[in-house]
């Protein structure tokens, strides 16, 4: 019997308040007979209540089941409908209908908004680091039975809303960080269950966040996007009798100072519970002593619904030890470098203050904060003195840490920690996990866990470079190189497609893509933005990655103009000779041979890197145009890519196939970006393998070369050398970090030196995902599971055992369902088990055998291994 899943709406995990009036639909199919193929599908939309349902069914002849067009009329703002799907196979019989998915449109038009931003108007120094966080509230009356209630909310700053003393939603750090002048995200909450008959109250906590808090290094800048702290909320009530009522932020609201004395993304939060307003979001609270609000402006055309999930706390981690440092400080060790904040449950005298200082590492037994640079990274809680104890967690900050120094604790810290009084609350964008990997080498498995933890900690609303120091910005190059790995491990399609809209919003009129998005002021190296290879290429290569992994042509259509403007910008810089060999470039950033304070001075000619990326982006743009049905553009940019590749070979490749930059990154770029002819490619692969061996299998690549080097070796028949590189434990190497006790991937290969001291460079993050891009190779080549066609419509199973591994596996939750491979070596036999989801096909390419075509279902094979 054919079984269909409940349809998925666009890339939403929770399709409430979506911004698409014609959302695309996807579904997976299970339990289909062998050789079954979808021939048609039928979508049924349901409107109305269970007592008054109106259904419409549309049948479509198509094999598509991923991101299919909405077949009905456009949704109206606030419209709520149920959707279910049935499918028909070649035998002409229909499946049973899938379960229904209910979706609801958000506020799709600017004139849907009546709310305006409101907040307290304080006489404060806008440059002060001690501006107070604030509260806003309003009472209102419910008269009659409520059928539904929705709160649409956002802020200048960060917010948390409450109704009748109950927290609204489970998100945190909302509304997140976007290019606020162009796009301010709002969230939709179903608050029906929170309302009472009669008197009610709605309120919001407000904090600086990214909007007006300190951003950037070397002291940073405040008020980058504005200096006010304002809440914009629209509570819409629908009564059972059909009446509608809106409670929107306006001049009738009241405001007050918050118990949060100071709050910042970098610096942490200070909270004085003695200043709490007990019951301030309940109806009986008397706010006559509060301030009238100032009403601010926000163009409602800039308010946008989210495309991905919000940031949430997803896990709690208990300390594994309570340490005493040589100075006598008490330090919690959580055993894992993570991103989040600490929740405490504490009892003590009124006015006592508990201070929590965070750090990623210890040095000489003390927490080591120099890598944080100017980030204070400290939280403080002053007790109210409640007899039953108190619970607190910061609201508007986050830290990257493993260790927390605790001072001022009023009880027995050892006993209280063991009893769960202090726990780390892990937060990140609440992405769905999609990729898993295991193997027989515990160090490689730990490396993979480190990559996962590093990604979680750096996908905090935007893809950041580090979560702990005075930076935490959306470096475009980092996510460009890590995009394939991110797309394997988690469903980043909605989050990153939304972030790419910010990339385009911040893109300069001449096509230049900034180094980081959203853009913030910086010193002259980064501002004003200049075109830079690998970083600017996020405009072309990240949309292409999302298309390859999720089958989303929509992201190509949305981003095509941004990608085209980037390639045209580089074309203008390169000129007729097609060589991008002038201007500022970062090259192979953080090549281990580069000086600590000059991380762009690697072994590979930075202009070789730039020209290689020019060719790759031009080719990607041509491929995008082909998918989108733009033949003239496809031909134009394909010709450009061919010309750039020829110029690259003439300038950087010698007659014998070696390269003018005799460095691992140079060869990896040329091989993986397909810039060489067959003879040159073989020679380049041989020389790359030789260079790896000459280096003692130690890493000699930075941000650009590291994601490519193992692929380049594997593609040219040197998988054994790729394994040698992977399994090396000397510094620099991936496993050096693991044997040094790393639980995330580091920014520098030698962020911690062999003697246990921290690298003296000013850029020394212990949680930086870029160098973890090798994890995608682990899935595709070691385990052997890759997308052969966009969205895994066709899957390639091609394991390449080596390095002494005796087993490996990869599981991938694809748009069609779960695909998996597991292999083990038993003597001279390789045993392989694969699963192909319904709707996909696969090719099985085992060593020493012909490629075999597979349909959906489970398949087992065993072949003799060649010696």
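In my numbering, the protein residues as written are 5 to 871. The C-beta atom is built at its ideal place from N, Cα and C for all residues, glycine as well.
Proximity of residue 542 and residue 551 at Cβ, strictly below 8 angstroms: Position 538 of the chain shown holds residue 542. Position 547 of the chain shown holds residue 551. Their beta carbons are not under 8 angstroms apart, which means residue 542 does not touch residue 551 by this criterion.
Close Cβ partners of residue 362 (< 6 angstroms) along its chain, the five nearest in sequence each way excluded: Within the chain shown, the letter at position 358 stands for residue 362. Closer than 6 angstroms at the Cβ level, and outside the excluded window around residue 362, lie 381, 403, 405 and 408.
Whole-angstrom distance between residue 341 and residue 748, CA atom to CA atom: Position 744 of the chain shown, counting from 1, holds the residue named residue 748. Position 337 of the chain shown, counting from 1, holds the residue named residue 341. Distance between the alpha carbons of residue 748 and residue 341 is about 6 angstroms.
Which listed residue (775, 377 and 283) has its alpha carbon closest to that of residue 765: Along the chain shown, read from residue 1 onward, the residue named residue 765 stands at position 761. Comparing Cα-Cα distances from residue 765 to each of 775, 377 and 283, the minimum goes to 377.
Straight-line gap, residue 594 to residue 741 (C-alpha atoms, nearest Å): For the purposes of this step, residue 594 is taken as residue 590 along the chain shown, with counting starting at 1. For the purposes of this step, residue 741 is taken as residue 737 along the chain shown, with counting starting at 1. Note on geometry: alpha-carbon atoms of residue 594 and residue 741 lie some 15 angstroms from one another.
Closest residue to residue 47 among 285, 73, 441 and 698 (Cα-Cα distance): The count along the chain shown starts at 1 and reaches residue 47 at position 43. If we check each option's Cα against that of residue 47, 73 comes out closest.
Residue 675 in three-state terms, based on DSSP: Start at 1 with the first residue of the chain shown, and residue 675 comes out as number 671. Note: residue 675 maps to helix in three-state DSSP.
For residue 27 and residue 150, the rounded distance between their alpha carbons: On the chain shown, residue 150 is found 146 positions in, with the first residue counted as 1. On the chain shown, residue 27 is found 23 positions in, with the first residue counted as 1. Taking the straight line from one Cα to the other gives about 28 angstroms.
Backbone CA spacing between residue 246 and residue 148 [nearest angstrom]: The residue given as residue 246 occupies position 242 in the chain shown. The residue given as residue 148 occupies position 144 in the chain shown. Residue 148 has its alpha-carbon roughly 11 angstroms from the corresponding atom of residue 246.
Distance between beta carbons of residue 852 and residue 870, contact taken as under 8 angstroms: Position 866 of the chain shown, counted from the start, is the residue given in the question as residue 870. Position 848 of the chain shown, counted from the start, is the residue given in the question as residue 852. Beta-carbon to beta-carbon, residue 870 and residue 852 are separated by about 5 angstroms, close enough to satisfy the 8 angstroms threshold.
Bridge partners - residue 296, DSSP secondary structure assignment: Against the chain shown, residue 296 aligns to sequence position 292. Assignment of beta-bridge partners to residue 296 by DSSP yields 258.
Bounding residues of the beta strand (DSSP E) (the contiguous stretch that carries residue 276): On the chain shown, residue 276 is found 272 positions in, with the first residue counted as 1. Start and end: 272 to 276.
Where the beta strand (DSSP E) containing residue 396 begins and where it ends: Sequence index remark: in the chain shown, residue 396 carries index 392 (1-based). Its beta strand (DSSP E) spans residues 394 to 396.
Cβ neighbour criterion (16 or more within 10 Å) applied to residue 106: Taking the chain shown and counting its residues from 1, one reaches residue 106 at position 102. Within a 10 Å sphere around the beta-carbon of residue 106 sit fewer than 16 other beta-carbons, which makes this residue exposed.
Other residues of its chain near residue 294: CB distance less than 7 angstroms, five sequence neighbours each side excluded: As a first step, residue 294 must be located in the chain shown, where it is residue number 290. Within the same chain, and ignoring the five residues on either side of residue 294 in sequence, the residues whose Cβ sits closer than 7 angstroms to its Cβ are 258, 259 and 260.
Through-space distance from residue 503 to residue 522, alpha-carbon basis: Here the question's residue 522 lines up with position 518 in the chain shown. Here the question's residue 503 lines up with position 499 in the chain shown. Straight-line Cα distance between these residues: approximately 9 angstroms.
Closest residue to residue 774 among 410, 548, 707 and 614 (Cα-Cα distance): Within the chain shown, the letter at position 770 stands for residue 774. For residue 774, the nearest C-alpha among the options comes from 707.
Residue 58 in three-state terms, based on DSSP: As a first step, residue 58 must be located in the chain shown, where it is residue number 54. Three-state DSSP puts residue 58 in a strand.
Residue 548 - DSSP class collapsed to helix/strand/coil: Position 544 of the chain shown holds residue 548. Helix at residue 548.
Proximity of residue 473 and residue 354 at Cβ, strictly below 8 angstroms: Position 469 of the chain shown, counted from the start, is the residue given in the question as residue 473. Position 350 of the chain shown, counted from the start, is the residue given in the question as residue 354. Contact flag unset, no.
Beta-carbon proximity of residue 824 to residue 810, cut-off 8 angstroms: Within the chain shown, numbered from 1, the residue matching residue 824 stands at position 820. Within the chain shown, numbered from 1, the residue matching residue 810 stands at position 806. When the beta-carbon positions are compared, residue 824 and residue 810 stay at least 8 angstroms from each other.
Chain-order list of residues whose beta-carbon lies under 7 angstroms from that of residue 202 (same chain, five-residue window excluded): The residue given as residue 202 occupies position 198 in the chain shown. 145 and 146, listed in sequence order.
Contact belief for residue 855 with residue 846 at Cβ below 8 angstroms, rounded distance in angstroms: Within the chain shown, residue 855 is the residue found at index 851, counting from 1. Within the chain shown, residue 846 is the residue found at index 842, counting from 1. Taking a contact as a CB-CB distance under 8 angstroms, the pair residue 855 and residue 846 does not count as one, their CB atoms being some 10 angstroms apart.
Whole-number beta carbon distance between residue 208 and residue 280, since they are thought to touch under 8 angstroms: For the purposes of this step, residue 280 is taken as the residue at position 276 of the chain shown. For the purposes of this step, residue 208 is taken as the residue at position 204 of the chain shown. With a Cβ gap of about 16 angstroms, residue 280 and residue 208 do not count as contacting.
Of the listed residues 71, 40, 143 and 49, nearest to residue 12 (C-alpha basis): Locating residue 12 in the chain shown gives position 8, counting from the first residue. Closest by alpha carbon: 71.
Ranges of the beta strand (DSSP E) found wholly within the segment 314 to 346, counting only runs of at least 3: Considered as a whole, the segment 314 to 346 harbours 315 to 321 and 325 to 328 as its complete beta strand (DSSP E) runs of no fewer than 3 residues, in chain order.
Cα-Cα separation between residue 291 and residue 141, rounded to whole angstroms: Along the chain shown, one-based indexing puts residue 291 at 287. Along the chain shown, one-based indexing puts residue 141 at 137. So the two alpha carbons sit approximately 8 angstroms from each other.
Inter-stretch contact (C-beta, 8 angstroms, three-pair minimum) for the segment 479 to 499 and the segment 452 to 468: Touching, per the Cβ criterion.
Nearest neighbour of residue 49, chosen from 39, 241, 425 and 85 [CA to CA]: Mapped onto the chain shown, residue 49 falls at position 45. Nearest option by C-alpha distance: 85.
Three-way DSSP call (helix, strand, coil) for residue 107 in this model: Your numbering for residue 107 matches position 103 in the chain shown. Strand.
Pairwise C-alpha distance: residue 121 and residue 230: Stepping through the chain shown from its first residue, residue 230 is reached at position 226. Stepping through the chain shown from its first residue, residue 121 is reached at position 117. Residue 230 and residue 121: Cα-Cα distance of roughly 12 angstroms.
Beta-carbon proximity list for residue 720, same chain, < 8 angstroms, skipping 5 on both sides: Here the question's residue 720 lines up with position 716 in the chain shown. These residues qualify, in order along the chain: 675, 685, 686, 688, 689, 690, 692 and 693.
Cβ-based burial, residue 87 [other Cβ within 10 Å; buried from 16]: Here the question's residue 87 lines up with position 83 in the chain shown. Result: buried.
Continuous alpha helix (DSSP H) stretch holding residue 621: start and end: What you label residue 621 is simply residue 617 of the chain shown in a count that begins at 1. Counting along the chain, the alpha helix (DSSP H) containing residue 621 begins and ends at 610 to 631.
Cβ distance (whole Å) where residue 837 is taken to contact residue 868 below 8 angstroms: For the purposes of this step, residue 837 is taken as residue 833 along the chain shown, with counting starting at 1. For the purposes of this step, residue 868 is taken as residue 864 along the chain shown, with counting starting at 1. The C-beta distance from residue 837 to residue 868 rounds to 17 angstroms, too long to fall under 8 angstroms, and the pair is not in contact.
Alpha-carbon to alpha-carbon, residue 335 and residue 410: Walking along the chain shown from the start, residue 410 turns up at place 406. Walking along the chain shown from the start, residue 335 turns up at place 331. So the two alpha carbons sit approximately 6 angstroms from each other.
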